[in-house]
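full-length UniProt numbering applies: residue 1 is where the sequence shown begins, and numbers increase by one.
Glycine included, every Cβ here is placed at the ideal spot set by N, Cα and C.
Keep in mind it's a predicted model, so treat the numbers as computed, not measured.
Encoded as structure tokens, the structure appears first; notes follow it.
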Amino acid sequence: MCPGIVSCADILVLAARDAVEFTGGPLVQVPLGRKDGRVSLASNVRPNIIDTSFSVEEMAKTFSSKGLSMEDLVVLSGGHTIGLSHCTSFSDRFQKDANGSMVPIDTSMEKNFASELMKKCSANATAATTVSCDPVTPNQFDNQYFTNLLNGKGLLRSDSELVNDPKAEALIDSFSKSQNSFFDSWAESFIKMTSIGVKTGDGEGEIRTVCSSANG
């Protein structure tokens, strides 16, 4: 609707913001006016995101390098209250036994939850097989994610790792008891995250014609 005016960077932020609101989360008034970068390299992605195998210390270090705190880490991890994950994203929490069946090797998982995951991600599952990140309210943006963590039902290893840090665990417990508190913190952390490395000046970036590539 607005070629050359609205950037792809702003569109991504607005899409993420709206997805949260449409699934029951808070409406966040985000600042706009970002420019798109002139360089996009796949090799830059992995060093700048959290791996599902990360420890709390590794996650906190990555967030800190972006100007984000431990509280931001816990709050933004709460985004896993919606969405899907491929079985391969948490396959390191299981191994195959002599019969080819999946067995849990991560004892932090609640037993029934682990059994359900093994059924859905059996040895016959394909690479495209997915499960809900939140097994209780998978399509609702709420604070159920934090209750799940306290009950041993965090899907990814990186989710479950959060409860091993005293400060993170205290935040998790607080958010599990107050959805309003989580929503308020979400708004603050989301704005912080979407303001990292923003380009706005005349000599910075561009407005892309096609979002998947820089302008020729």
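Burial state of residue 48, where buried means 16 or more other Cβ atoms lie within 10 Å: For this step, residue 48 is matched to residue 48 along the sequence shown. Exposed.
Option in 32, 57 and 171 with minimal Cα separation from residue 11: For the purposes of this step, residue 11 is taken as the residue at position 11 of the sequence shown. Comparing Cα-Cα distances from residue 11 to each of 32, 57 and 171, the minimum goes to 32.
For residue 104, report the span of its beta strand (DSSP E) as first-last. Taking the first residue of the sequence shown as 1, we reach residue 104 at position 104. Note, residue 104: beta strand (DSSP E), 102-104.
Using only CA atoms, which one of 36, 195 and 74 lies nearest to residue 57? The count along the sequence shown starts at 1 and reaches residue 57 at position 57. Of the candidates 36, 195 and 74, the one whose C-alpha sits nearest the C-alpha of residue 57 is 74.
May I ask which residues mark the beginning and end of the beta strand (DSSP E) holding residue 144? As a position in the sequence shown, residue 144 is number 144, starting the count at 1. No beta strand (DSSP E) holds residue 144; the alpha helix (DSSP H) holding it covers 144-150.
Whose CA, out of 164, 28, 65 and 42, lies closest to the CA of residue 197? Position 197 of the sequence shown, counted from the first residue, corresponds to residue 197. Nearest option by C-alpha distance: 65.
Extent of the continuous beta strand (DSSP E) to which residue 12 belongs: Here residue 12 corresponds to residue number 12 of the sequence shown, with the count starting at 1. Boundaries for residue 12: no beta strand (DSSP E) harbours it, while the alpha helix (DSSP H) harbouring it runs 8-22, taken from the DSSP string.
Residue 39, DSSP secondary structure in three states: Working through the sequence shown from its first residue, we reach residue 39 at position 39. In the three-state DSSP reduction, residue 39 falls in the coil class, being neither helix nor strand.
Which partner residues of residue 86 appear in the DSSP bridge assignment? Indexing the sequence shown from 1 puts residue 86 at position 86. By DSSP's assignment, residue 86 forms a beta bridge with 130.
One or two residues paired with residue 213 in a DSSP bridge: The count along the sequence shown starts at 1 and reaches residue 213 at position 213. Residue pairing for residue 213: DSSP places it in a beta bridge opposite 210.
For residue 177, which beta-bridge partners are listed by DSSP? Translated into positions along the sequence shown, residue 177 becomes position 177. Under DSSP, no beta-bridge partner is assigned to residue 177.
If you draw a straight line from the alpha carbon of residue 139 to that of residue 72, how long is it in whole angstroms? Along the sequence shown, read from residue 1 onward, the residue named residue 139 stands at position 139. Along the sequence shown, read from residue 1 onward, the residue named residue 72 stands at position 72. When rounded, the separation of the alpha-carbon atoms in residue 139 and residue 72 is 22 angstroms.
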